[in-house]
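Protein chains in written order, with the working numbering: chain A, 3 to 139; chain B, 3 to 139; chain C, 3 to 139; chain D, 3 to 139; chain E, 3 to 139; chain F, 3 to 139. Note that beta-carbon positions come from the ideal geometry of N, C-alpha and C, so glycine has one too.
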């Protein structure tokens, strides 16, 4: 009953803007800097989905990565790729699309589709230098 | 009078949309695919600026890369970083902001600031897998 | 009539072996080292396909990269991905599948499908440290 | 008695095939997809070996990475590099060489050579997008 | 009160030498190899600073990464970048500047500036293949 | 008589300092910035050696990369790795060790060892963002 961790990477390209609508422009600029710019900017978000579970005796797999790729396709690529996160998604109408919150939302979407016998962690690269992780804590 | 090539990298994060306003949505979708989505999407554009010239006898430099960094700051980062290319820039009001055209525009901006004794080439990564180069040809 | 270069990357995973059947094992080992091992070894081949041509006035594209992706799918991924180059392909029954020859074969396959108005170059990474380029010269 | 973690990377190039011999070809294809292809395919496996232990007062090292490199040479490169995992190794005659199982086998080989005062973890990249980790759990 | 992890990367270029002054040259060469060479050598040290904490309800941030960048500027770049670690810093006058000890020193500098409500970990790449982590253990 | 290009990568870690001894410290600081710091700093220099030539009919090789690796070992790693370029090498006693000059010196060393039937180019990464190329022009 050996356990292992498997990771699968994906990438989606999206526009977003960080701001709180009840704040003034000056407040938003102070807190969010150029990320608050009204006409949006964008990123190549690189996503790692990380599962922890038992290595299956017969297949030698923890999880079929082709299935995981399909799940990521449905739960992440479909709603977020080539989209404006603020305008085109239900989740970020009110919630600020920071990397932390995007990771949390993706984790929640995947958690519903992956059995409870697997640990789940999401790592999101907003740029090469800014990275976040969320694991349901 | 030995000659060498020097490269300097930078990155800017921007939103854009590919479409022609005189075309129907269906035409735009057929030609530009999800890149034509009306609410924009975005990228971490990675830029390489490439200069070719004589190695200066005294300094051993072809071009002071700190000066080149400053030029890139003024001519690329300032107008394009954390911006919407279609809405926030003069150049892409009419011109489609494909990677090819972005590279051409950046080349034109830098060409004016760099002496004619230097060859100039621009390489632009829109994603890790899609890359363009422009050298004034 | 500005011209630019566009690159598209892909990856295929294949097994191969370097040897000449008319040579002894000792000769093959001397020339090809561990690459001559009889039971094959393998690589994640990373491929860059590089086109040079005119930027189309209306679209701003040199070449539709989605079409190029489709071409690579048909001419490279289909015949070579998850295959044994020596045993499963027509081209390498007699020809030694060195990185140089693989690049040359891929170039030949793509050259037939891409109009003569485009320059074509193929870059192939056999490992992170060993890379070849072929441009029909 | 401060503790730290040290990582050392290596790469080996190998051929493999995923299948169970008691299954039909159709079953193998369904479960393992193109990885079940009979003539093998291959990968550049990138390996990270990760040790956790006390920073030695005199040297400032957790573990001499030149020694670790030597261990990896003997226990991983020697048996697996430029080999066919299914045909050329004792471990994968019966065991399916999935990334999970390869990581587990490498961990077992290294665990015997590294003192129990060190924590040991193995991370294995089969491709840039498929990664596994094993830590003896 | 969801928690997440955020990472910020930086790079500094420094010279160093590994040796103990009470040892002979032969002893130092045996233990530290070419790293003990008397005239120093150097590295592009890549640094990841990793914070763990609560996602702030209003901003959606765990920690403002622009502030973290500023902290890294003051506590790491200022004292270490373009310096000789052995000669130009207080910390490594007596302490051997191994990657482990550099990570420990950087962790100590940052720990004083970052509130106790945040977990802190430092990852340091001395080269692409040699990496260490320190988390105050 | 098809021709192709082959590349081989290597890395060396060295200390250096940029300055002209006949200039004042203030002059050196103005021209070379923190690179002029008297106690040296250092880099992981990443080197690409690029050869252009005929694909050999029998072997399918342009150049045996194991031989090229050996040449790089003798002409680059041996004299420069884990060294202080200013103090430990003949070439940079008088010549400023800028990336341009280092590339030129490496090119000259390799040119003597590689037959005139091969084109030769050297690419040198001083950091991830600063790169130079030299080809004997």
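1) Would you give the residue range spanned by the beta strand (DSSP E) that residue 125 of chain F belongs to?
2) DSSP beta-bridge partners for residue 9 of chain D?
3) By the criterion of Cβ-Cβ separation under 7 angstroms, what are the contact partners of residue 126 of chain D in chain E?
4) For chain C, find out if any of its Cβ atoms is closer than 8 angstroms to the Cβ of residue 91 of chain D; answer yes or no.
5) Within its chain, find whatever has a CB closer than 6 angstroms to the CB of residue 37 of chain B; leave out the 5 residues flanking it on each side and keep chain order.
6) Between the segment 25 to 46 of chain D and chain C, which residues of the former have a C-beta closer than 7 angstroms to a C-beta of the latter?
7) Does residue 5 of chain F come within less than 8 angstroms of chain C when only Cβ atoms are used?
8) Closest to residue 23 of chain E by C-alpha separation, out of E:125, E:96, E:83, would be which residue?
9) Is DSSP giving residue 35 of chain D helix, strand or coil here?
10) Run down chain A in chain order and give the residues with a C-beta less than 9 angstroms from the C-beta of residue 98 of chain D.
11) Kindly say whether residue 85 of chain F, judged by its beta-carbon, lies nearer than 8 angstroms to any beta-carbon of chain E.
12) So, helix, strand or coil for residue 16 of chain A, using DSSP?
13) If contacts are defined as beta-carbon pairs under 8 angstroms, then residue 84 of chain C and residue 39 of chain D qualify, I think. What distance do you get, rounded to the angstrom?
14) Over the uninterrupted alpha helix (DSSP H) stretch that includes residue 72 of chain D, give me the two end residues.
15) Using the three-state DSSP reduction, which class does residue 1 of chain B fall into: helix, strand or coil?
16) Comparing the C-beta of residue 15 of chain A with each C-beta of chain B, is any distance below 8 angstroms?
17) Taking 8 angstroms as the CB-CB limit, is residue 11 of chain D close to chain E?
18) Find the residues of chain C that neighbour residue 67 of chain F, judging by a C-beta separation of less than 7 angstroms, and give them in chain order.
19) Where does residue 44 of chain B fall in DSSP's three states?
20) How many angstroms separate the CA atom of residue 53 of chain F from the CA atom of residue 64 of chain F?
21) Run through DSSP, which three-state label would residue 116 of chain A get?
22) Relative to the alpha-carbon of residue 44 of chain A, which residue among A:9, A:128, A:134, A:138 has its alpha-carbon at the smallest distance?
23) Please confirm if the segment 109 to 121 of chain A is in contact with the segment 55 to 72 of chain B, defined as three or more CB-CB distances below 8 angstroms between the two stretches.
24) Does the beta-carbon of residue 101 of chain F have 16 or more other beta-carbons within 10 angstroms, so that it is buried, or is it exposed?
25) Is residue 135 of chain D close to chain A, meaning its C-beta is less than 8 angstroms from at least one C-beta of that chain?
26) So, does the CB of residue 22 of chain D fall closer than 8 angstroms to a CB anywhere in chain A?
27) So, for residue 107 of chain B: in the same chain, excluding its five sequence neighbours on each side, which residues have a beta-carbon less than 7 angstroms away from its beta-carbon?
28) Any C-beta of chain E sitting closer than 8 angstroms to the C-beta of residue 88 of chain A?
29) With burial defined as no fewer than 16 other Cβ atoms inside 10 Å of the residue's Cβ, what is the status of residue 7 of chain D: buried or exposed?
30) Looking at chain E, is there any beta carbon in it that lies within less than 8 angstroms of the beta carbon of residue 139 of chain A?
31) Per DSSP, what kind of secondary structure is residue 29 of chain F in: helix, strand or coil?
32) Give me the Cβ distance between residue 42 of chain B and residue 86 of chain B, rounded to the nearest whole Å; I'm assuming they're in contact under 8 angstroms.
33) Using the C-alpha atoms, what's the distance from residue 131 of chain C back to residue 31 of chain C?
34) Taking the C-alpha atoms as reference points, what is the distance between residue 9 of chain A and residue 70 of chain A?
35) Exposed or buried, which one is residue 123 of chain C when buried takes at least 16 other CB atoms within 10 Å?
In short, the structure shows the following:
1) Here residue 125 of chain F refers to the residue found at position 123 of the sixth chain. Element bounds for residue 125 of chain F: 121 to 127.
2) Counting from one through the fourth chain, the residue named residue 9 of chain D turns up at place 7. According to DSSP, residue 9 of chain D bridges with D:52, E:133.
3) To locate residue 126 of chain D, count along the fourth chain from 1; it is residue 124. Here the premise fails: no neighbours, minimum Cβ distance about 15 angstroms.
4) Position 89 of the fourth chain, counted from the first residue, corresponds to residue 91 of chain D. Output row for residue 91 of chain D: interface = no.
5) The residue you call residue 37 of chain B lines up with position 35 of the second chain. So the qualifying residues of the chain are 20.
6) 36, 37, 39, 41, 42, 43, 44, 45, 46
7) Indexing the sixth chain from 1 puts residue 5 of chain F at position 3. Closer than 8 angstroms to some Cβ of chain C, the Cβ of residue 5 of chain F qualifies, so yes.
8) Residue numbering aside, residue 23 of chain E sits at position 21 when the fifth chain is read from its first letter. For the residues E:125, E:96, E:83, the minimum Cα distance to residue 23 of chain E belongs to E:96.
9) Translated into positions along the fourth chain, residue 35 of chain D becomes position 33. Note: residue 35 of chain D maps to helix in three-state DSSP.
10) By one-based count along the fourth chain, residue 98 of chain D stands at place 96. Correct list: 60, 61, 62, 63.
11) Counted from its first residue, the sixth chain places residue 85 of chain F at position 83. So, interface residue.
12) For the purposes of this step, residue 16 of chain A is taken as residue 14 along the first chain, with counting starting at 1. Residue 16 of chain A: strand per DSSP, three-state reduction.
13) Within the third chain, residue 84 of chain C is the residue found at index 82, counting from 1. Within the fourth chain, residue 39 of chain D is the residue found at index 37, counting from 1. Their Cβ separation, rounded to whole angstroms, is 5 angstroms, which keeps residue 84 of chain C and residue 39 of chain D in contact under 8 angstroms.
14) Residue 72 of chain D sits at position 70 when you count from the first residue of the fourth chain. Unbroken alpha helix (DSSP H) run through residue 72 of chain D: 67 to 74.
15) The structure shown does not extend to residue 1 of chain B, since chain B is modelled only from 3 through 139, so no value can be given for it.
16) In the first chain, the residue the question calls residue 15 of chain A occupies position 13. Answer yes: the Cβ-Cβ gap between residue 15 of chain A and chain B drops below 8 angstroms somewhere.
17) For this step, residue 11 of chain D is matched to residue 9 along the fourth chain. For residue 11 of chain D, the answer is yes, since a Cβ of chain E falls inside 8 angstroms of its Cβ.
18) For the purposes of this step, residue 67 of chain F is taken as residue 65 along the sixth chain, with counting starting at 1. In chain order: 132.
19) Counting from one through the second chain, the residue named residue 44 of chain B turns up at place 42. Of the three classes helix, strand and coil, the one that applies to residue 44 of chain B here is strand, per DSSP.
20) Your numbering for residue 53 of chain F matches position 51 in the sixth chain. Your numbering for residue 64 of chain F matches position 62 in the sixth chain. Taking the straight line joining both Cα atoms gives about 8 angstroms.
21) On the first chain, residue 116 of chain A is found 114 positions in, with the first residue counted as 1. In the structure shown, residue 116 of chain A sits in coil (DSSP, three-state: anything other than H, G, I, E or B).
22) To locate residue 44 of chain A, count along the first chain from 1; it is residue 42. The option with the nearest alpha carbon to residue 44 of chain A is A:128.
23) no
24) Within the sixth chain, numbered from 1, the residue matching residue 101 of chain F stands at position 99. Label assigned to residue 101 of chain F: buried.
25) By 1-based counting over the fourth chain, the position of residue 135 of chain D is 133. So yes, residue 135 of chain D belongs to the interface.
26) The residue you call residue 22 of chain D lines up with position 20 of the fourth chain. Yes, residue 22 of chain D lies at the interface with chain A (some Cβ there is under 8 angstroms from its Cβ).
27) Your numbering for residue 107 of chain B matches position 105 in the second chain. Setting aside the 5 residues that flank it on each side, residue 107 of chain B is surrounded in the same chain by 93, each with a C-beta closer than 7 angstroms to its C-beta; the list follows chain order.
28) In the first chain, counting from the first residue as 1, residue 88 of chain A sits at position 86. So no, residue 88 of chain A is outside the interface.
29) Here residue 7 of chain D refers to the residue found at position 5 when the fourth chain is read from its first residue. Buried is the call here.
30) Position 137 of the first chain, counted from the first residue, corresponds to residue 139 of chain A. For residue 139 of chain A, the answer is yes, since a Cβ of chain E falls inside 8 angstroms of its Cβ.
31) Sequence index remark: in the sixth chain, residue 29 of chain F carries index 27 (1-based). Three-state DSSP puts residue 29 of chain F in a helix.
32) By 1-based counting over the second chain, the position of residue 42 of chain B is 40. By 1-based counting over the second chain, the position of residue 86 of chain B is 84. Rounded, the Cβ-Cβ distance is 6 angstroms, consistent with contact.
33) Counting from 1 along the third chain, the entry for residue 31 of chain C is found at position 29. Counting from 1 along the third chain, the entry for residue 131 of chain C is found at position 129. So the alpha carbons of these two residues sit roughly 21 angstroms apart.
34) Along the first chain, read from residue 1 onward, the residue named residue 9 of chain A stands at position 7. Along the first chain, read from residue 1 onward, the residue named residue 70 of chain A stands at position 68. Residue 9 of chain A and residue 70 of chain A: Cα-Cα distance of roughly 9 angstroms.
35) On the third chain, residue 123 of chain C is found 121 positions in, with the first residue counted as 1. With 16 or more Cβ atoms within 10 Å of its Cβ, residue 123 of chain C is classed as buried.
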